[in-house]
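Notes follow once the structure below has been shown.
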Amino acid sequence: MGATGGIIERYRQYLPVTARTPLVAMGEGNTPMVLSRSIGPELGCKALYFKLEGCNPTGSFKDRGMAMAIAKALEKGAKRIICASTGNTSASAAAYGARYELRCIVLVPAGAGEVAVGKLAQAMAYGARVIAVKGSFDAALRLVREASARLDIELVNSVNPNRIEGQKTGAFEIVDDLGDSPDLLCIPVGNAGNITAYWKGFKEYWQVAKARNLPRMMGFQAEGAAPIVRGEPVELPVTIASAIRIGNPASWKPALVARDESNGMIEAVSDDQIIDAYLRLARSEGVFCEPASAASVAGLMKLPSLGVPLAGKTVVCIITGNGLKDPSTAERRARVDFEFVEPVLDRVEALIGAPVTRI
Ligand code: F0G
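Per the numbering used here: the sequence shown ends with 363, consecutive numbering throughout.
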């Protein structure tokens, strides 16, 4: 693999790569699978892994699909790309757009707290044109779908099938690492592209006998933004997990197929459960993710109460984005006050000198 090697080079035989497809890459994919030391043993899992998609170049899983979408856009001579986003897609599109000289336009929902500050800062630093739509993500997505058709601008949301193609490589990596599919895959669901992509990847590897088994796909939406769980669009979705604050997912139908074909579930988790999982991941596993990503772990922790046995199971939770994307949630929710001290050793010792009895 090249120095900047990525998913296209590694998995080109499974991707829509032709002789004319540029090998777009900046080190996306090949993300760590970290074994849980606390949550997994407590739940009785045989093994629980966190797949750290926040280790991708722009800090989220979007880079897998974006690499593929950008490669195909370049192949057909596109000059401009456009997307709607709750933040991560825009950061990823902006980065690849900058690197491969495509003008990038992003439409984000305008309301306060709709998009985490780290993501907006990224998109702007990469030089994207950021347009705030006075409406929801769903309205922004509707607009970019129409605009891309009318103005001949390449749409790089996950309704672009090349995004799904790239993102399915996450499933390939899991099977390559474990030697087979896990029993359960836990994943947050927003616009529902990623659950669709993972299921496609697992099935394709199974069809070519790279995997003997298929996982149960366990998708989790935030309670206030759970259209698939409720069975109807949500007009005004609300959740602290802004990345998945989506009321009418574009890949709704394929997500249902993934759920049903895999004998899986799509369930809701509350904001309190998301924050509990978010802090638990940071404090007992050393994994700092964004709130939407913690929905996968919140969901896993809820499974026993839904009658899903975890004893002896191998489970993978997709940790979709890096915690630094959304620093204000940690600042507000961690509720740890600074302690101040005079610059004198005796004073510091008075604070921290007591022997540690338990960590
Ligand atoms: N986790 C994170 C961190 C996300 O940014 C997203 C989606 C999801 C999970 C859900 O994935 O939409 O494929 O079901 N973010 C999109 C965006 C909507 O615009 O960045 P999904």
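Every residue gets a Cβ at the ideal spot worked out from N, C-alpha and C, and that includes glycine.
- At the C-beta level, E271 and F224 come within 8 Å of one another.
- In summary, F65 is buried, with 16 or more beta-carbon neighbours lying within 10 Å of its beta-carbon over all protein chains present.
- In the structure shown, N166 falls within a helical segment according to DSSP collapsed to helix, strand and coil.
- Taking C-beta atoms under 8 Å as the contact rule, A215 and Y209 qualify, at a distance of about 5 Å.
- Taken through DSSP and simplified to helix, strand or coil, G91 comes out as coil.
- T22 counts as exposed, since fewer than 16 other C-beta atoms from the protein chains shown sit within 10 angstroms of its C-beta.
- In this structure, T173 has its beta carbon at no less than 7 Å from each heavy atom of the ligand F0G.
- In the DSSP secondary-structure assignment, Q225 is bridged to A272.
- Where V319 is concerned, the enclosing beta strand (DSSP E) starts and stops at 318 to 323.
- At a threshold of 7 Å, I109 does not count as near the ligand F0G, since its beta carbon sits no closer than that to any of the ligand's heavy atoms.
- DSSP places A247 in the helix class (H, G or I) of the three-state scheme.
- Residue range 141 to 155 is occupied by the alpha helix (DSSP H) that includes V148.
- DSSP places Y202 in no beta strand (DSSP E) but in the uninterrupted alpha helix (DSSP H) bounded by 197 to 211.
- Taking the Cα positions, G139 is about 12 Å away from A88.
- Of the residues P26, I279, P308, the one whose Cα lies closest to the Cα of A334 is I279.
- Assigned with DSSP and collapsed to three states, A77 falls in helix.
- Between the alpha carbons of R149 and A102 lies a distance of about 22 Å.
- Per the C-alpha coordinates, the member of P295, A82, I322, R287 positioned closest to D275 is P295.
- A distance criterion of 7 Å places the beta-carbon of N92 in contact range of the ligand F0G, judged by its closest non-hydrogen atom.
- Not one heavy atom of the ligand F0G falls within 7 Å of the beta-carbon of T22.
- The beta carbons of G205 and R167 sit no closer together than 8 Å.
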